[in-house]
């Protein structure tokens, strides 16, 4: 059986650390990851996962926002699929999950960033109907470059 479920409980957040560390290898350990997710959740961050036979195979982290450029939007912070499960429709299912949610809360746009060094991810996003609309510039203020 497969499902997409929101991940709220600390034990579940800890359980998906290894999967998230594929995308975010700079996160030091499961406890630090769980603490960060809980802290970000206070500002509206949500984490959902694709589960097949009780195994987490994909994750999507997202939040709602509003600005002058996009109006009300849903921003995808994190999207990762277990490498052995890639090309099986999990990423597409996770994008569709947040797209449907965004529509129910009257978002005008679905927004995400991806690294310039990630051509396969870019190709995937194009196939999902997302279009490249800009470039993000980042300055590290603490000397740590995680992006």
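In UniProt numbering, the protein residues as written are 1 to 147. Beta carbons: idealized from backbone N, C-alpha and C, even for Gly.
Report buried or exposed for residue 1, applying the criterion of at least 16 other Cβ atoms within 10 angstroms of its Cβ. exposed
Assuming contact is defined by CB atoms lying nearer than 8 Å, are residue 136 and residue 113 in contact in what I supplied? A Cβ-Cβ contact shorter than 8 Å links residue 136 with residue 113.
Does the pairing of the region 57-66 with the region 87-104 give three or more beta-carbon distances under 8 Å? Contact holds: three or more Cβ-Cβ distances are below 8 Å.
For residue 6 versus residue 48, is the C-beta distance shorter than 8 Å? In contact: residue 6 and residue 48 (Cβ atoms closer than 8 Å).
From this set, 143, 109 and 117, which residue's C-alpha is nearest residue 131's C-alpha? 109
Along the chain, where does the alpha helix (DSSP H) that runs through residue 95 open and close? 90-104
DSSP-derived helix/strand/coil call for residue 73: strand
Pairwise C-alpha distance: residue 25 and residue 143: 17 Å
Residues near residue 22 by beta carbon distance below 8 Å, same chain, minus five either side: Close CB contacts of residue 22 within its chain, under the 8 Å cut and outside five residues either way in sequence, are with 80, 82 and 83 (chain order).
Quick one: give me the first and last residue of the alpha helix (DSSP H) that residue 138 is part of. First-last for residue 138: undefined, no H or E at that position.
Leaving out five residues before and five after residue 65 in sequence, what residues of the same chain have Cβ atoms less than 7 Å from its Cβ? 73 and 75
What first and last residue would you give for the alpha helix (DSSP H) that runs through residue 23? 17-23
Residue 63 bridges to which residues according to DSSP? 75
Tell me which residue opens and which closes the alpha helix (DSSP H) that residue 123 is part of. First-last of the alpha helix (DSSP H) with residue 123: 119-127.
Reduced DSSP secondary structure (H/G/I, E/B, other) of residue 39: Helix, per DSSP.
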